[in-house]
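Residue numbers (the UniProt record's numbering): 1 to 187.
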């Protein structure tokens, strides 16, 4: 049923072994009867989210420095890194969606750049809480940062999310990663 779309009509045949078996159910459903249900999906209420296959193409960090340290230690020494430092909620954030799209493209093509996300900061009692990883690296949220092996973190110029599409943000992140790999520090 997860494959149904609005307007679909399906018939479900349920054999007696999976229904009421040899005992039946009162006068309407006899022993050994096959049940037939017709399902019609009239409307889908609520937001729809397209299904995604497999695990996310980035490492999700909980905002703890030790977790970030472990993430870095598990990488090849020369591997460039991209870190999204975001604030909750992120589900509909264009910056997050652009980051995820860039990570997915990288994972499918070269898989030579490590993508990670920290989004421990959230709005509480009139201000944003701090994210341990962002504080220790002196990075400010929200932003996407790239780092070549052993170099400083560079903030990618993604443009204002309100004035950009997800695809434009994705392309800017990809360009930033290429430039950081070439040793540029102004992005």
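Built from N, CA and C at the ideal position, the CB exists for glycine as well.
Just so it is clear, the structure is predicted and the values come from calculations on it, not from any experiment.
Where residue i falls: helix, strand or coil (DSSP)
| i | result |
| --- | --- |
| residue 83 | strand |
| residue 93 | coil |
| residue 143 | strand |
| residue 157 | coil |
Cα-Cα separation between residue i and residue j, rounded to whole angstroms
| i | j | result |
| --- | --- | --- |
| residue 135 | residue 87 | 13 Å |
| residue 191 | residue 62 | The displayed coordinates of the chain run from 1 to 187. Any statement about residue 191 would go beyond what the structure contains. |
| residue 9 | residue 40 | 4 Å |
| residue 170 | residue 42 | 35 Å |
| residue 150 | residue 65 | 18 Å |
| residue 168 | residue 106 | 16 Å |
| residue 20 | residue 11 | 19 Å |
| residue 70 | residue 59 | 11 Å |
Span of the beta strand (DSSP E) around residue i
| i | result |
| --- | --- |
| residue 66 | Per DSSP, residue 66 belongs to no beta strand (DSSP E); it is in the alpha helix (DSSP H), 65-73. |
| residue 13 | 9-14 |
| residue 121 | 114-121 |
Terminal residues of the alpha helix (DSSP H) in which residue i lies
| i | result |
| --- | --- |
| residue 179 | 166-181 |
| residue 132 | 132-137 |
Test item: CB-CB of residue i and residue j under 8 Å
| i | j | result |
| --- | --- | --- |
| residue 148 | residue 80 | yes |
| residue 146 | residue 166 | no |
| residue 137 | residue 116 | no |
| residue 100 | residue 161 | no |
- Task: Report yes or no: do the stretch 1-17 and the stretch 30-48 share at least 3 C-beta pairs separated by less than 8 Å?
- Result: yes
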